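Residue numbers (the UniProt record's numbering): 1 to 900.
Below, the structure written as structure tokens:
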């Protein structure tokens, strides 16, 4: 016969299905969020008073246990220990926080890009994490994409009834199609609405025509006029109601026709000050509950302070369930017990579901489960002692609330494991079977396969095998390439899929049309709807990701090839490879290139305004502010680069506020750019983890500009010094001759030309060269080494160097003489006669359009570069310019800063 001790053991040890929780913040972002929010919905000025609440005082006592601190530890002591944990073995700490959690059903729709993806949490639970799809976030994403594609009527277009009606229909079709897709996704356990926060729970239920009319009216009159300012947040009554009604209809149809039942969760009850508490009463949902009896509805957060109303609804409606979350740990101990008793006054135990409603911090998972177990134990033991329940009934109640009810409601296939007394952290089943799941489930990759003879395999398997033997713990590989406009594109492959791709000699297929789209996927006339190209990873570029990457991963640079395996001549990287090989084979010349990464670190305030990271700042300075603020981050970046094999020769402050430079070692030209691409990514990602934007924008703060200077040297193991010097001068004579055309690749945006100015130490305004002259676009550092100064971070460096080599090849092939003399002074300070004597007659282009015009007629470049690539590039740059010109200056500036 079971005893009270058996009951206590079950309540304290039973694994739980957490039917509602949220993602954890990245460690670097946790430092910027106040753990005070773990026990309250208060924000802003109200948050400080939380320290005197019973819920906070209790949490402090319990967190001492979690952090292994003494009973006299203060809140400041806890925060100091927490900071050490975030910098130390964070994952071991999370194992402790998630102890006892079997499965998480995670609402990953928070408007926050600083959190871990839902399935990352698998490593810390006994089974796995499933998604709860937030319908308002899904809808906002669709509307945001419609705006990017120009199909969302904004501005004067909102007064065009036909245009708005067409956009409404397009949106609703896309929304409903997405809901159907998610219903059929096995990783989606259910859906959620936060309409309580937006327009309240009094959803208007009416006929189809009336719902559609109300939705369109709200869409046109309330939503569209303010959607840009509100970042597409959906908070218009008729629109929000229509999303809920549409979701309910589709869920009902799936339950009736396909026997797929996925619940719809509703935020009810308490929330932050943004909520209308009167409209958060779940009683408002009664018409909706009645209208859709086939839709399982979950009332979240115990509906506090409306527990009895929620309990009543869960009692009289078969399709309603009550979640017991959020009040743990946000309510006092006595309040939690009272809430549980009120929820159980009339509500069947089969209708109660456990959740933590944890978000952002591992501590919230731990506190919520710990406090729930304590309160539930006291309530159940009291019911047994007063003969309301037998011990066996109480034990069954605990198993049902913790596990069985959620398993049934969400149609989960998992089984309740044996209950263990030892609740110490241990390796989870998910950790050992995640790789197995990856191997068992075919990945949705579009792969091309070419039958080849064994010696024709495109990959060096010895290099591949050696890399993965040295780094056996990797789980993902980022296959990356730069598009024409310098946007880094990526496919993320689980290691098992990447292994199959390499060992089978396969490639990743993408539409040829993808090469003709803008940074936001806007289509240009360079797009073709037919044809396929293939991304071939160059495994010689395999490199570990930095240690702060949330995934155990590596990066690899890809090139385009055709379906027969030959290099695609529309590929910037392969075009550059072909030119370097031509120089080596035909002219016995090799190149080394060394890049300087000039980058400006920006802070962004709540209004979206940018300001420099450091201001007590000048070239080469090391002020106390830089020592305290900048040095730790800069050193972290340099260390991370060194750890993945990228050598930084030096780093230092540059002239502009918040501007710093990382100097990379010289390498063969293609390898140098591969390394540049991987290094820039590390710089920007580490900066992001510190709340900064590291931008390559040429003039991010209307002060000193940023370039992407590259040093180039011509080398030969077989030419004499005289022969090499002659070819070197012919090479750069060809570059100077074509420089106005090359600027279309080197300075690829109108904002780039702010740096084409005199007396700024950038590139100067004249087409010329000079020894150790920083007021010219082409500086000779010394014999054999030249610096290209008219290049910035908006450029695709493969295209930029490809165009330089093409112009240089034209000079070498023609044996051009360097007619222009060495300019050792600022050409802007010379008289016209003095410039003419040096051969300085042409000015640099003053705008992108001027450069594009020169490029269109540059037959010498088209002789050595694919003419179609050049033509497509011109089309895309003009389309990009048109898109940017339609923005106001502030929007355009922010758009570029966020992308480069």
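Positions of the beta carbon are idealized from the N, C-alpha and C atoms, including for glycine.
As the structure is a computational prediction, the values presented were derived from the model and not from experiment.
- A residue is called buried when at least 16 other Cβ atoms come within 10 angstroms of its Cβ; residue 472 does not meet this threshold and is exposed.
- Judged by their CB atoms, residue 897 and residue 676 are not nearer to each other than the 9 Å cut-off.
- Our two residues, residue 808 and residue 714, have alpha carbons roughly 11 Å apart in a direct line.
- Taking all protein chains in view, the Cβ of residue 260 is surrounded by fewer than 16 other Cβ atoms within 10 Å, so the residue is classified as exposed.
- Residue 309 places its beta carbon less than 9 Å from that of residue 282.
- Per DSSP, residue 459 is not a residue of any alpha helix (DSSP H), being assigned neither H nor E.
- If the five residues before and after residue 370 are omitted, its C-beta is found closer than 7 Å to the C-beta atoms of 62, all from its own chain and listed in chain order.
- Linking residue 20 to residue 36 through their CA atoms gives a straight-line distance of about 21 Å.
- Across the set 77, 191, 274, 201, the C-alpha of 191 shows the shortest separation from the C-alpha of residue 249.
- For the pair of segments examined, the region 652-665 was found to touch the region 588-600: the number of CB pairs separated by less than 8 Å reaches three.
- At the C-beta level, residue 700 and residue 749 stay beyond 9 Å of one another.
- With contacts defined as CB atoms closer than 9 Å, residue 694 and residue 599 qualify as a contacting pair.
- Selection 267, 870, 763, 688 evaluated against residue 26 yields 688 as nearest (Cα-Cα).
- By the beta-carbon neighbour count (other beta carbons within 10 angstroms, threshold 16), residue 711 is buried.
- The shortest C-alpha to C-alpha distance from residue 380 to any of 396, 753, 49 is the one to 396.
- For the pair residue 895 and residue 822, the CB atoms are not nearer than the 9 Å cut-off.
- In the DSSP assignment, residue 778 forms a beta bridge with 769, 788.
- By the neighbour-count criterion, in which 16 or more other beta carbons inside 10 Å mark a residue as buried, residue 619 falls on the exposed side.
- Pairing residue 155 with residue 225, the inter-Cα distance amounts to about 7 Å.
- A contact between stretches requires three or more CB pairs, one per stretch, nearer than 8 Å, and the region 187-205 meets this requirement with the region 121-135.
- Secondary structure note for residue 587: its alpha helix (DSSP H) is the uninterrupted segment 572-587.
- Going by DSSP, residue 480 is part of the beta strand (DSSP E) stretching over 476-482.
- Closest option to residue 233, judged by alpha-carbon separation, among 854, 492, 824, 134: 134.
- Straight through space, the alpha carbons of residue 615 and residue 635 are spaced by roughly 19 Å.
- For residue 854, the enclosing alpha helix (DSSP H) begins and ends at 848-856.
- Take the alpha-carbon of residue 279 and the one of residue 97: they are about 34 Å apart.
- Around the CB of residue 109, 16 or more other CB atoms lie within 10 Å, so the residue is classed as buried.
- Leaving aside the five residues that flank residue 272 on each side, the residues in its chain whose CB is nearer than 6 Å to its CB run, in chain order, 41, 43.
- Counting other Cβ atoms within 10 Å of its Cβ, residue 622 stays below 16 and is therefore classed as exposed.
- With respect to the 9 Å criterion, residue 332 and residue 400 are not classified as neighbours on the basis of their beta carbons.
- Here residue 231 is exposed, its C-beta having fewer than 16 other C-beta atoms within 10 Å.
- Inter-segment contact for the region 196-211 and the region 144-158 is absent: fewer than three beta-carbon pairs are separated by less than 8 Å.
- A straight-line Cα-Cα distance of about 18 Å links residue 361 and residue 102.
- Looking from the CA of residue 409, the closest CA among 581, 92, 352 belongs to 352.
- Contiguous alpha helix (DSSP H) elements confined to the region 606-682 occur at 631-643, taking only those with 4 or more residues.
- Remark: C-beta atoms of residue 14 and residue 402 approach each other more closely than 9 Å.
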